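> There's a structure below that I have some questions on.
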Amino acid sequence: MSSVQYDHVTCHYPGAERPSVSDLSLDIADGEFLVLVGPSGCGKSTTLRMLAGLEDVSDGAIRIGGEDVTHVASRDRDIAMVFQNYALYPHMSVRDNMGFALKIAKVAESERNQRIEEAARILDLTDYLDRKPKALSGGQRQRVAMGRAIVRSPQVFLMDEPLSNLDAKLRVQTRTQIASLTRRMGVTTVYVTHDQTEAMTMGDRVAVLKDGRLMQVDTPRELYDRPANEFVAGFIGSPAMNLFRTTVSPQHTVELGTLSWQLSPAAREALTGPEVTVGVRPEDLVISSEGHGLAVVADVVEELGADAYVYGHLDQRTAQHVTPVATSHGEDEDTVPNTGLNTEADASPLVIRVDGRQPPRVETTVWVAPDPERAHLFDTATGLRLPD
Ligand code: ADP
Ligand code: MG
């Protein structure tokens, strides 16, 4: 068990135009489950691989348990890694696959077996120890890959999208198992995913990366309730937060349809340009009465039972001076609403969560009003959250 520290870490691959990870500082507590999340290419794997000693650190320092490991060889760092493509040895039994690293490390056979059996018990693999990988399901194979990491009882687990080869249902089951398992073991874990739902459900804290830069690191609750910038606001949450760009009036009011509210003195002070971006989550755009708030034309209604999501665009009547921003967090295809129309997110940029038992009909207009207490304000020029 150990803490992990990234201290102003940069990784600039030779010949690359710009760094893949820039000036990353991150303190991960002993026993914490930290998730790195962000769109493809944002530097998640690079961040993890530097900690594993598989990529060179161009600048800054990495510490494990307070010890500087920046220039320590990978094999001398007490870590175990689980990748997306967990290549098991096909000719070896589950037992031998799990024990291979221990055998290489010359751990005695009795101790090896003890650790393998303990891991198998935790992972529910006891009955499969003598099977070959091809006789296992995808989920079981994935657990064997976890088992290989567990038997080494490392200081830190590193996991790079370990669930992306599993189907949606198994992914949900396995993510719960992994999170509870590593917590029970108390091992510090750094877990990479591009899937914000996975990040939010698994992490003690979640670090959001974009273009190699840390956007915010916080608990899932804080990320959801107080995103530090427009990027995090649009990336975290599914369906994504509604974002509206609008110009602040000379009287410092923000207008959204028929609604208007005054910027606080602190927000006024912090604002660097003429525009603000107002963010409202789908559940905080509340159905109101005719003529009150924003008029939204329902293009697609997605009924999910308890809830329904209405995807729509602003009706001309309340569209003046307000520009909805299309957001998309690049989730897996199977979690993006299958609406046909919505492949053109620009066409229906707004999402409203409504009671699943009383959804509006397609092509009708619904009036919605954001709960001002729940609206998020960002400086459009900088993307940063404005103070309350
Ligand atoms: P992620 O895991 O978030 O998808 P990566 O860490 O794999 O992102 O990549 C971050 C950026 O670094 C990308 O632009 C990628 O093209 C680049 N990159 C990754 N590996 C290398 C490499 N070995 N050489 C040069 N560029 C790389
Ligand atoms: Mg990656």
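When you line the sequence shown up against our numbering, it's residues 1 to 388, in that order. Glycine is no exception: its CB is placed at the ideal position from the N, C-alpha and C atoms. From a predicted model like this one, the values you see are computed outputs, not experimental measurements.
#1: Would you call the segment 247-257 and the segment 195-213 touching, i.e. three or more CB-CB distances under 8 Å?
#2: For Ile116, does the three-state DSSP call read helix, strand or coil?
#3: Suppose you measure from the CA of Ala389 to the CA of Tyr224; what does that come to, to the nearest Å?
#4: My guess is that Leu259 and Gly293 are in contact by the Cβ rule of under 8 Å, so how many angstroms apart are they, rounded?
#5: So does Val192 have its beta carbon nearer than 8 Å to some heavy atom of the ligand MG?
#6: With a threshold of 6 Å on Cβ separation, who are the neighbours of Asp130 within its own chain once the five nearest residues in sequence on each side are excluded?
#7: Is Ala16 close to the ligand ADP? I mean its beta-carbon at under 8 Å from any heavy atom of the ligand.
#8: Looking only at DSSP bridge pairs, what is Gln262 linked to?
#9: Using DSSP with H/G/I as helix, E/B as strand and the rest coil, what is Leu166?
#10: Using 8 Å as the cut-off, classify the Cβ of Lys44 as near or not near the heavy atoms of the ligand MG, replying yes or no.
#11: Assuming Leu271 and Leu350 form a contact by the criterion Cβ under 8 Å, report the distance between their Cβ atoms to the nearest whole angstrom.
#12: Which same chain residues, not among the five before or five after Asn97, have their C-beta less than 6 Å away from its C-beta?
#13: May I have the straight-line CA-CA distance separating Ser2 from Arg317, to the nearest angstrom?
#14: Rounded to a whole number of angstroms, what is the C-alpha to C-alpha distance between Arg205 and Arg226?
#15: Considering only C-alpha positions, which residue in the set Lys44, Ala298, Gln320 and Val325 is nearest to Val366?
#16: Exposed or buried, what is Thr126 when buried is set at 16 or more other beta-carbons lying within 10 Å of its beta-carbon?
#17: Look at the Cβ atom of Leu102, then the Cβ atom of Glu111, and state whether they are nearer than 9 Å.
#18: Assuming contact is defined by CB atoms lying nearer than 9 Å, are Thr277 and Leu243 in contact in what I supplied?
#19: Give a single yes or no on whether Asp195 has its beta carbon closer than 8 Å to a heavy atom of the ligand MG.
#20: By how many angstroms is the C-alpha of Ser348 removed from the C-alpha of Thr327?
#21: Roughly how many whole angstroms lie between the Cα atoms of Thr174 and Gly139?
#22: Would you tell me roughly how many angstroms separate the C-alpha atoms of Arg281 and Glu275, rounded to the nearest one?
#23: Measure the beta-carbon distance from Thr197 to Phe33 and round it to whole angstroms, keeping in mind my assumption that it falls under 8 Å.
#24: According to DSSP, is Pro14 part of a helix, a strand, or is it coil?
#25: Are there any heavy atoms of the ligand ADP lying less than 8 Å away from the beta-carbon of Gly312, as far as the coordinates show?
#26: So is the beta-carbon of Glu198 under 8 Å away from any non-hydrogen atom of the ligand MG?
#27: Please name the residue, chosen from Asn229, Asn165 and Gly66, that lies closest to Leu384 on a Cα-to-Cα basis.
#28: Quick check: is any heavy atom of the ligand MG less than 8 Å from the C-beta of Ser20?
#29: With a threshold of 7 Å on Cβ separation, who are the neighbours of Thr380 within its own chain once the five nearest residues in sequence on each side are excluded?
#30: Can the beta-carbon of Val37 be found closer than 9 Å to that of Gly53?
#31: Over the uninterrupted alpha helix (DSSP H) stretch that includes Ala369, give me the two end residues.
#32: So if DSSP puts Thr219 in a beta bridge, which residue, or which two residues, is it bridged to?
#33: Indicate whether Ala319 and Asp355 have their beta-carbon atoms separated by less than 9 Å.
#34: Going by beta carbon distance, what residues of the same chain come within less than 8 Å of Gly340, once the five residues before and after it are set aside?
#35: Starting from the C-beta of Val232, find all residues in its chain whose C-beta is less than 8 Å away, skip the five residues before and the five after it, and write them out in chain order.
#36: Measuring only the C-alpha atoms, how far is Glu333 from Asp195?
Concretely, from the data shown:
#1: Touching, no, given that fewer than three Cβ pairs across the two stretches are closer than 8 Å.
#2: Ile116 falls in the helix class under three-state DSSP.
#3: Any property of residue 389 remains undetermined from this structure, which presents the chain solely from 1 to 388.
#4: The pair is a contact, with the Cβ atoms about 6 Å apart (cut-off 8 Å).
#5: Inclusion of Val192 in the 8 Å shell around the ligand MG follows from its C-beta lying nearer than that to a non-hydrogen atom of the ligand.
#6: Counting only Cβ-Cβ distances below 6 Å, and skipping sequence neighbours, we find Ser93.
#7: True, at least one ligand heavy atom lies under 8 Å from that Cβ.
#8: The beta-bridge partner set that DSSP reports for Gln262 consists of Thr253.
#9: Of the three classes helix, strand and coil, the one that applies to Leu166 here is coil, per DSSP.
#10: It does: the Cβ of Lys44 is within 8 Å (strictly closer) of some heavy atom of the ligand MG.
#11: Contact between Leu271 and Leu350 is ruled out by a C-beta separation of about 24 Å, above the 8 Å threshold.
#12: Counting only Cβ-Cβ distances below 6 Å, and skipping sequence neighbours, we find Leu88, Tyr89 and Val144.
#13: Taking C-alpha positions only, Ser2 is separated from Arg317 by approximately 58 Å.
#14: About 14 Å.
#15: Ranking Lys44, Ala298, Gln320 and Val325 by Cα distance to Val366 puts Ala298 first.
#16: Thr126 counts as exposed, since fewer than 16 other beta carbons sit within 10 angstroms of its beta carbon.
#17: For Leu102 and Glu111, yes; Cβs fall inside 9 Å.
#18: In this structure, Leu243 lies closer than 9 Å to Thr277 by Cβ.
#19: Not one heavy atom of the ligand MG is found less than 8 Å from the C-beta of Asp195.
#20: Distance between the alpha carbons of Thr327 and Ser348: 11 Å.
#21: Distance between the alpha carbons of Thr174 and Gly139 is about 8 Å.
#22: Distance between the alpha carbons of Arg281 and Glu275: 20 Å.
#23: Actually they do not touch by this definition, with Cβ atoms about 16 Å apart.
#24: For Pro14, the secondary structure class from DSSP, reduced to helix, strand or coil, is coil.
#25: It does not: the Cβ of Gly312 is nowhere closer than 8 Å to a heavy atom of the ligand ADP.
#26: For the ligand MG, not one heavy atom lies less than 8 Å from the Cβ of Glu198.
#27: Nearest C-alpha to Leu384 among Asn229, Asn165 and Gly66: Asn229.
#28: Result no, Cβ not under 8 Å from the ligand MG.
#29: Taking Thr380 as the centre and dropping the five residues before and after it, the same chain places the C-beta of Arg245, Gly273, Glu275, Val276 and Thr277 closer than 7 Å to its C-beta, in chain order.
#30: Taking a C-beta distance under 9 Å as the contact criterion, Val37 and Gly53 do not qualify as a contact pair.
#31: Boundaries for Ala369: no alpha helix (DSSP H) harbours it, while the beta strand (DSSP E) harbouring it runs Thr365 to Pro370, taken from the DSSP string.
#32: Answer by DSSP bridge pairing: none, since Thr219 is not bridged.
#33: Cβ atoms of Ala319 and Asp355: not closer than 9 Å.
#34: For Gly340, the predicted model reports a pLDDT of 38, less than 50, meaning its position is unreliable and no value from the coordinates is stated.
#35: Val208, Met215, Gln216 and Leu223, listed in sequence order.
#36: The pLDDT assigned to Glu333 is 40, lower than 50, so where the model puts this residue is not dependable; a value taken from the coordinates is nonetheless given after this. Each residue's alpha carbon lies about 11 Å from the other.
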